[in-house]
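A short write-up of the structure that comes next.
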Amino acid sequence: MGIAHSIQSIQFLSDFSESVLAYPIVLSTHLTCIPLFGGMILATDLRLLGLSLKSLTITEVVTSLRPWKRLGGGIMISMGLLLATSKAEEYAPNPFFWTKMIILGLIGVHALIFRPIVYNKTEEMDQSPVLPTKAKVAAILSLVLWTTMFVMGRLIAYWD
Amino acid sequence: MLLQNAIADTLNNPEWTFALAECVHIGGFAVSIGSIALVDFRMLNLGLRKETAARILRYTEPWTLIALVFVVFSGLMLFLAQPDIYLQPTPYLVNGRFMFLLKMSLLVAALLYNFTVHRKVAKMDNPPPALSKLVAIVSLLLWVSVVFGGIFIGFLQ
Numbered sequence: 001m002g003i004a005h006s007i008q009s010i011q012f013l014s015d016f017s018e019s020v021l022a023y024p025i026v027l028s029t030h031l032t033c034i035p036l037f038g039g040m041i042l043a044t045d046l047r048l049l050g051l052s053l054k055s056l057t058i059t060e061v062v063t064s065l066r067p068w069k070r071l072g073g074g075i076m077i078s079m080g081l082l083l084a085t086s087k088a089e090e091y092a093p094n095p096f097f098w099t100k101m102i103i104l105g106l107i108g109v110h111a112l113i114f115r116p117i118v119y120n121k122t123e124e125m126d127q128s129p130v131l132p133t134k135a136k137v138a139a140i141l142s143l144v145l146w147t148t149m150f151v152m153g154r155l156i157a158y159w160d
Numbered sequence: 001m002l003l004q005n006a007i008a009d010t011l012n013n014p015e016w017t018f019a020l021a022e023c024v025h026i027g028g029f030a031v032s033i034g035s036i037a038l039v040d041f042r043m044l045n046l047g048l049r050k051e052t053a054a055r056i057l058r059y060t061e062p063w064t065l066i067a068l069v070f071v072v073f074s075g076l077m078l079f080l081a082q083p084d085i086y087l088q089p090t091p092y093l094v095n096g097r098f099m100f101l102l103k104m105s106l107l108v109a110a111l112l113y114n115f116t117v118h119r120k121v122a123k124m125d126n127p128p129p130a131l132s133k134l135v136a137i138v139s140l141l142l143w144v145s146v147v148f149g150g151i152f153i154g155f156l157q
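These protein sequence lines are chains A and B, in that order.
Going by the numbering used here, the first residue of the first sequence is number 1, and it counts up by one from there.
Going by the numbering used here, the first residue of the second sequence is number 1, and it counts up by one from there.
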């Protein structure tokens, strides 16, 4: 626990975790990102599955929401980093936290696999009469990964 | 090994029902607020611009309604599990009870606003851009404040 202790003992982080206002504000911001940017992920996935927003092209849904999802991801990760490092000693032995980090890694793998074949090929998909299976697989995996992500986030509080 | 045991422990603990209700609550607000935010986002001209806000609303409204049912029922379960922590008075004015009542007032305001003003303006054929934007910003602020209120309840007990 040496490293975890040293991390959370950094003055800035210990001030943060003890602060009455800053800690809940950052936590609330982290959670607010779930609806604001998670809604965009859901919209993209449902469009890829052909279940909603059908009058919009896949290209429009993917490209117009992409910069906002990136911004949201950035806010979410930086807030999350602050929350986790300021309580490093609690988080380090917590299996739910590490499962969440593995899911985060898998979301990165998902992007690496599907960006070149789905998300960067939306114009081709818009022209094809049927939605390709790879798009549906990408969407379903995305929904599963993100759902597991927030469930693990919530369960972090249940491990002692 | 350690991982599976921890998950099994949680699932075997009667407390898991509370965790499940919390997850349903979070999933529910993610979808309900998220779907409203998509309309707001369109009204602010920030995305999905090739379709009207009215059309986006027509797509998202069923998600909003279904998810709201989940949020409200799971919220009721969470409340009934420990009503005392939400209602107990303390010597401090700004406490968990205060925040709970504030959150509920904001929720009622956000719901009323959503199904009246917000809906009406989103469905307008050619709303003045300034009106659309104002209505969307108020909507986002109301919903974000409900989420903040929920988190702060736990920090002000």
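Note that the Cβ used here is the ideal one computed from N, Cα and C, for glycine as well.
Between B:Gly47 and the set A:Leu49, A:Cys33 and A:Lys69, the nearest pair of CA atoms involves A:Lys69. The C-beta of B:Ile66 comes no closer than 8 Å to any C-beta of chain A.
Here the alpha carbon of B:Lys123 sits roughly 36 Å from the alpha carbon of A:Ile117. Its chain contains Leu145, Thr148, Met149 and Met152 as the residues whose beta carbon lies nearer than 7 Å to that of A:Ile103, once the 5 sequence neighbours on both sides are disregarded; these appear in chain order. Interface residue (Cβ-Cβ distance to chain A less than 8 Å): B:Tyr59 is classified as such.
The three-state secondary structure of A:Asp160, taken from DSSP, is coil. Cβ-Cβ distances below 6 Å link A:Thr133 to nothing in the same chain once the five nearest sequence neighbours on each side are left out. Interface flag for B:Ser35 against chain A is set, since a Cβ pair is found closer than 8 Å. A direct Cα-Cα distance of roughly 47 Å separates B:Ala53 from A:Glu89. Going by DSSP, B:Asp40 is part of the alpha helix (DSSP H) stretching over Trp16 to Met43. One finds nothing in chain B with a Cβ atom closer than 7 Å to the Cβ of A:Glu123; even the nearest lies about 14 Å away. By the neighbour-count definition (other C-beta atoms within 10 Å, threshold 16), A:Ala111 is an exposed residue. The DSSP-derived three-state label of B:Asp125 is coil. The beta carbon of B:Gly47 sits closer than 8 Å to some beta carbon of chain A.
A residue is called buried when at least 16 other Cβ atoms come within 10 angstroms of its Cβ; B:Glu22 meets this threshold and is buried. At a Cβ-Cβ threshold of 8 Å, B:Ile151 and A:Leu31 count as neighbours. A Cβ-Cβ distance of about 35 Å is found for the pair B:Ile33 and A:Pro129, leaving them out of contact under the 8 Å criterion.
Excluding sequence positions up to five before and after A:Leu131, its CB lies within less than 6 Å of the CB of Gly50, all in the same chain and listed in chain order.
Listed along chain A are Thr32, each with a C-beta nearer than 7 Å to that of B:Val144. In the DSSP assignment, B:Leu80 falls within the unbroken alpha helix (DSSP H) covering Ala53 to Ala81. For the C-beta of A:Met40, the chain B residues within less than 9 Å are, from N- to C-terminus, Gly34, Ala37, Leu38, Phe41 and Gly47.
A:Glu60 is classed as buried because its beta carbon has at least 16 other beta carbons within 10 Å across all chains shown.
Contact annotation: A:Asp126 and A:Thr29 have beta-carbon atoms that are not nearer than 8 Å.
Only residues of its own chain outside the window of five on either side were considered, and among them Val24 and Gly28 have a CB closer than 6 Å to the CB of B:Phe70, listed in chain order. Take A:Val26, set aside five residues on each side of it, and the residues of its chain with a beta-carbon closer than 8 Å to its own are Phe16, Met79, Leu82 and Leu83, in chain order.
Between the C-alpha atoms of B:Leu111 and A:Gly2 there is a straight-line separation of about 49 Å. Within the same chain, and ignoring the five residues on either side of B:Val39 in sequence, the residues whose Cβ sits closer than 7 Å to its Cβ are Ala53, Ile56, Leu57, Thr60 and Ala122. When Cβ-Cβ separations below 8 Å define contact, A:Arg70 makes no contact with chain B.
By the criterion of a C-beta distance shorter than 6 Å, A:Trp159 is surrounded in its chain by Asn94 and Phe96, once the five residues flanking it on both sides are discounted.
Contact between B:Leu106 and B:Val72 does not hold, since the beta-carbon distance rounds to 14 Å and is not under 8 Å. In the DSSP assignment, A:Gln127 falls within the unbroken alpha helix (DSSP H) covering Thr122 to Gln127.
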